[in-house]
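Report on one structure; see the data block that follows.
Number of protein chains: 4
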Amino acid sequence: MIIAVRPGAAKEEVRVFASALEKQGVKIHFSEGASQTVLGLVGDTTGIDEEALKAHHLVEKVIRVQEPYKRANRLFHPEDTRIEVTGADGEVRRIGSGSLGIIAGPCSVESREQIVNIARDMKKAGAGFLRGGAFKPRTSPYSFQGLGVNGLDFLLAARKETGLPIVTELMAIHQLEVFDEVDIIQVGARNMQNFSLLKELGHCRKPILLKRGYANTITELLMAAEYIMAGGNDRVILCERGIRSFDSYTRNVLDISAIPALKKQSHLPVIVDPSHATGLSWMAPSMAKAAIAAGADGIIVEVHNNPEKALCDGEQSITPAAFTDLMGALRKYAEIEGKRL
Amino acid sequence: MIIAVRPGAAKEEVRVFASALEKQGVKIHFSEGASQTVLGLVGDTTGIDEEALKAHHLVEKVIRVQEPYKRANRLFHPEDTRIEVTGADGEVRRIGSGSLGIIAGPCSVESREQIVNIARDMKKAGAGFLRGGAFKPRTSPYSFQGLGVNGLDFLLAARKETGLPIVTELMAIHQLEVFDEVDIIQVGARNMQNFSLLKELGHCRKPILLKRGYANTITELLMAAEYIMAGGNDRVILCERGIRSFDSYTRNVLDISAIPALKKQSHLPVIVDPSHATGLSWMAPSMAKAAIAAGADGIIVEVHNNPEKALCDGEQSITPAAFTDLMGALRKYAEIEGKRL
Amino acid sequence: MIIAVRPGAAKEEVRVFASALEKQGVKIHFSEGASQTVLGLVGDTTGIDEEALKAHHLVEKVIRVQEPYKRANRLFHPEDTRIEVTGADGEVRRIGSGSLGIIAGPCSVESREQIVNIARDMKKAGAGFLRGGAFKPRTSPYSFQGLGVNGLDFLLAARKETGLPIVTELMAIHQLEVFDEVDIIQVGARNMQNFSLLKELGHCRKPILLKRGYANTITELLMAAEYIMAGGNDRVILCERGIRSFDSYTRNVLDISAIPALKKQSHLPVIVDPSHATGLSWMAPSMAKAAIAAGADGIIVEVHNNPEKALCDGEQSITPAAFTDLMGALRKYAEIEGKRL
Amino acid sequence: MIIAVRPGAAKEEVRVFASALEKQGVKIHFSEGASQTVLGLVGDTTGIDEEALKAHHLVEKVIRVQEPYKRANRLFHPEDTRIEVTGADGEVRRIGSGSLGIIAGPCSVESREQIVNIARDMKKAGAGFLRGGAFKPRTSPYSFQGLGVNGLDFLLAARKETGLPIVTELMAIHQLEVFDEVDIIQVGARNMQNFSLLKELGHCRKPILLKRGYANTITELLMAAEYIMAGGNDRVILCERGIRSFDSYTRNVLDISAIPALKKQSHLPVIVDPSHATGLSWMAPSMAKAAIAAGADGIIVEVHNNPEKALCDGEQSITPAAFTDLMGALRKYAEIEGKRL
């Protein structure tokens, strides 16, 4: 961290300020130029509060050279992290470090029959994981809020039937008690900075699929992962799912450049959700291919056997047939990119 | 709600689709043009899922004419809502319907002495409410997270000492048990779409200060209020606190136009937080004045007796002296606008 | 400007790099810490290309301490600039340095009668300048593009009739030949970074009303002003007119905080266009008041005697009666803020 | 176009309003419901001013069913447009309709030797077109503005030497006189809504490479193309080059979803500029691959033989060696996608 001291500051005052900083565990290097004094902070600056520094009357500018995250940082963990999950069929599925994870399924679980049938189709087409919402975050209190615990039961039935590990969203801490058999817990975009929830998930022994908030920076996403990892849970999967912009053609703008950015900054696997990002089923396959081309470790995609009758977000779901076609294309892309699928 | 049917759709299919819609409790008016059939849905459409409609193969476009919120809607509740809170001193403070509410205090509670002293200064300067964070949402898990329950105790001491009602942020449902004596519960911007939390607050008997998320629309803010109101708690105060943009001069862009927009759409009081919006203490007073000029029902502003030593966000806090000056200016503005302060 | 050198860089290489920089006219102060070398550049760094520096393999981060603009910078010109224009009636109108400039008129000039009548109403209500579009930038090539030279003639007729100085938009350099009698030349938001046009206007002897692009930063707006000033024309009026966001309630988001930001960074007058920013006539008066409360030096507002029949943008125009009311309110605000109106 | 009439409007008034609309060349279908009257406008509505309609007191909402562009619209021109350019070597290069166009070269032309050498490298690696800036749009008036006419001469020398068609940016209409031998004229992002320039290019017989403004919608980009096409020049290449967002990790956010969106709405070829979008050379190759995977018709990429010494934007240029590698990868992607390269 580098601090540019305000021109004209009294030397003595700067010394006092610097020794106060040193008490926070860093070493200070002074550079006293004719017109500008610069302080270089050496050591672990993750605990130093940038905002507080900026408020100090001696401080003109503050520049972080090191990133504020540690456990999620590739600098301190150069090898890719790979998440491994063993399904009910004893088979191991992998995401990251050369393995593509394909997570597919409907937006909401609607019935036991529906989810079991889709799960069978997904497995046949080559998906590695089954997704499906039981607790649904909905903008309106009057919209369908998901089947809740019943939905979870139906998902578990599909898991038993097909062996596919299941991924589903947790909306509140108290729901953890019914998530015992869930394989991967999803944190939705709107909860990415629900810090109480993140802390709790740090004590959990399951992989967490952490979705980027639709107006959160790369750094904020990694700080959210850091919250989980700081609690002891290192198995975090990052998920880009679109950011807000001024254009309404797609629901959000899928930030494909977040993939190489996150892969460079962090060792955690990065997947992409083309369905929620665009909100348009016809666009999901091309965005899924672009994601793999850009280096993603997998995708999470909405598939519904009858998108027109979907209880939520049908517009963004592709059919099982379209998913099968997509898997065919992704296999070719995986081969070019040297990834296992 | 108006539905433009896809050109070329079979008449019979459209009829079947329309009667399915009617089963959801609305009446359908047909308009069959030469090239375009249009369906008009009459009745209460708040429960109809716009996304699901758009997914239907017969549907080209959907247009909401009515807003998707009901209890927060000025249409069904033309008079301004006024929130009244009685302080420990027996005095009633008001926000809305002609009364300006001024909420002031430090970002975080740091000690009993600090908060009691600031509270006395605030009261003397004319503030109606004391704010202070005990549970703090921080981007980094390594930053100061607030004093928690101790912080709450110090706030209550200041409340007892000065009579000022207190406003403080709730981050998780389970904290409700220690919020018994809090006068107004704040929901932070990052939790604006934490729907589990909102639902729970719907069953609560205290006023809720609901901050707009930094990337949420006017409609989404009103839908978040609707979540609380749908549970039976009508005492919601809306708070604009800046939205994200491409410019980093200020932390966020204070959306002053949200004030008349929210006042037109809803009967709920609207206040503004110039401190978090801009992140710059020198800018807070001019933004506070602009807010009142634009029709706001109050402000929530950060005041710290020693901004440079603030444990968080010192850069955005004004001094008690600056706050006293600001109150002087606001009184003149209130008079012009015909508001009580 | 401060350069953090990449850790591990060879000392000799850094010396060579530094002396290359010194050839660009700055002095370099070295700070060699144990883990990080920092270079401080002293002198005029406005000509140093930050992007090129960042590309250098020795460079880790670059921080500008000084702003990249000089003539527009308040640092080198602490007193407020005031723009004075003498009308055809011999009266002097002022914008800036304590004087509020009120510019009003229709979006487009539609006929001689229309513009002369509105001009009379505007003058009577107390406006200082008449605005009206002759050359109109329109999103669609099939929309009304303005009356062109005829429109200019009608504007000049209104100028002669009322004495009000006129403000109108220039869209291309070659139009300058017919702008001889125009008092203030407007550069539209879409042309804010039309650098060829800006350079040409630097050689012009008329005040330039420079509108902020709807996705341009504070710094970019000041750099656009710098283009004009670098050519020798110091009479630039900055105009905030809304920025793009994710919300479509208003056409753009009026960035009220740009007013104090621009006033702090620059000595140039700053006015606000509430009509184009919001696109909603009912919202324009409250935004105009907020602008003055936040320290603006004036407003430019659309007024049309028959908004419903306006050939463009009627939705955002207020009536002459509403304008008269607004002037009444602004006079009270001007008094509180100690401004002349 | 569908107009929802304001509830309670007098029938007679609506009739008068409708017949006024019919005079603009459309037919009106009435739908009078119990609570809502809806007008359906049939025919060519591209000339109808949506903004003016919205201002009318009888109008509640307006919904465009048809897009406001005609010549750029795939609806009226279902087959892909292919741009063909014959180089000085007699070879034909193609962009669109199954042919990938690869445009490569430095940000600025710096010397005859530099551009001729790069051109040779580009041709050898398989590029189809040479890019290079002679007139440079720069944020600061004090930055290098390009070599101007000399730069053009050097480009033409490289064209003669290698046979590669050249692509270079035009910043002002008067420069057209020296663009005689330029093969493709580029319109920069900042000039995308410089309507005077677009109109002039409509009368030009050369292909236009039209870059999307960094805060412009899909529709606005197509309307800018429509400006050119309305003048008679149908050879427009659309170029996505990143949009502004709240995150500063990359310079802009490359909107990969714009590719399928533009291809669906329009028949014009769509290419992508990964260099300007991200501003990071290490990210350009993965973004180029993502673009082709998403269906782009080509890329325009910055290559510099010595990025560290580049006079502008070195940070975003890749080396000729990296470009050769990229071409190898793109050939595999082209094959999978069934495109010619």
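Protein chains in written order, with my numbering: chain D, 35 to 375; chain S, 35 to 375; chain F, 35 to 375; chain C, 35 to 375.
Cβ coordinates follow ideal geometry from the N, Cα and C atoms, glycine included.
In this text, all values refer to a predicted model and were calculated from it rather than measured experimentally.
Span of the alpha helix (DSSP H), counted from its first residue to its last, around A54 of chain S: 45-56
Counted within 10 angstroms of its Cβ, other Cβ atoms place F229 of chain S as buried (16 or more) or exposed: buried
The stretch 296-305 of chain C / the stretch 337-357 of chain D touching (three or more Cβ pairs under 8 Å): no
DSSP beta-bridge partners of G332 of chain C: C:G135
What do you reckon, are the CB atoms on P199 of chain F and G222 of chain F nearer than 9 Å? no
Given this structure, state the Cα-to-Cα distance separating Q100 of chain D from T79 of chain D, to the nearest angstrom. 8 Å
Return the chain-ordered ranges of every alpha helix (DSSP H) run that is complete within the stretch 154-227 of chain C and spans a minimum of 4 residues. 183-196
Buried or exposed by the 16-neighbour rule on C-beta atoms within 10 Å, applied to F357 of chain S: buried
Report the option in S:D217, S:W316, S:I136 whose CA atom is closest to the CA atom of K240 of chain S. S:D217
Taking 9 Å as the threshold (beta carbon to beta carbon), is Q148 of chain F in contact with chain D? no
Kindly provide the ranges of any alpha helix (DSSP H) runs that are 4 or more residues long and lie completely inside the stretch 274-300 of chain C, ordered along the chain. 292-299
Consider the Cβ of T312 of chain F: report whether some Cβ of chain C lies at a distance smaller than 9 Å. no
Which first and last residues belong to the alpha helix (DSSP H) in which L360 of chain C is found? 354-371
According to DSSP, simplified to helix, strand and coil, what is T20 of chain C? Because chain C spans 35 through 375 in this model, residue 20 of chain C falls outside it and cannot be assessed.
Taking only beta-carbon positions, decide if V48 of chain S is within less than 9 Å of chain C. no
In three-state DSSP terms, what is A325 of chain S? helix
DSSP has S309 of chain D in a bridge; who is on the other side? None, per the DSSP bridge assignment.
So with Cβ pairs under 9 Å, would you call H237 of chain C a contact of chain F? no
Using beta-carbon positions only, say whether I271 of chain C and L235 of chain C come within less than 9 Å of one another. no
So is V337 of chain D in contact with chain C if we call contact Cβ pairs under 9 Å? no
Tell me where the alpha helix (DSSP H) around S65 of chain C begins and ends. Careful: S65 of chain C lies outside any alpha helix (DSSP H), inside the beta strand (DSSP E) at 61-66.
According to DSSP, which residues form a beta bridge with S142 of chain D? D:G167
I need the boundaries of the alpha helix (DSSP H) containing T253 of chain D, first residue and last residue. 252-264
Residue range of the unbroken beta strand (DSSP E) whose run includes L243 of chain F: 242-245
Beta carbon of L181 of chain F, beta carbon of E215 of chain F: below 9 Å? no
Taking Cβ-Cβ distances below 8 Å as the criterion, which residues of the stretch 267-293 of chain C are in contact with chain S? R278, S279, F280, S282
Chain D contact residues for A295 of chain C, given Cβ-Cβ distances below 8 Å: Y283, T284, M317
Taking A38 of chain S as part of the beta strand (DSSP E), name the residues at either end of that continuous run. 36-39
Taking a cut of 7 Å between CB atoms, which residues from the stretch 70-97 of chain D lie near chain F? Q70, V72, G74, V76, E94, K95, I97
With E203 of chain D and F178 of chain D assumed to form a contact (beta carbons below 8 Å), what rounded beta-carbon distance in angstroms separates them? About 14 Å separates the two Cβ atoms, so there is no contact after all.
Can you tell me where the beta strand (DSSP E) holding P95 of chain C begins and where it ends? Inspection of the sequence shows that residue 95 of chain C is occupied by Lys rather than by Pro. Segment 93-97, the beta strand (DSSP E) holding K95 of chain C.
Can the beta-carbon of R269 of chain D be found closer than 9 Å to that of G313 of chain D? no
Give me the Cα-Cα distance between S65 of chain F and E94 of chain D, rounded to the nearest whole angstrom. 18 Å
Helix, strand or coil for L345 of chain D, going by three-state DSSP, please let me know. coil
How would you call N340 of chain D, buried or exposed, if buried means at least 16 neighbouring beta carbons within 10 angstroms? exposed
Starting from N107 of chain F, follow its DSSP beta bridges and name the residues at the other end. F:S300
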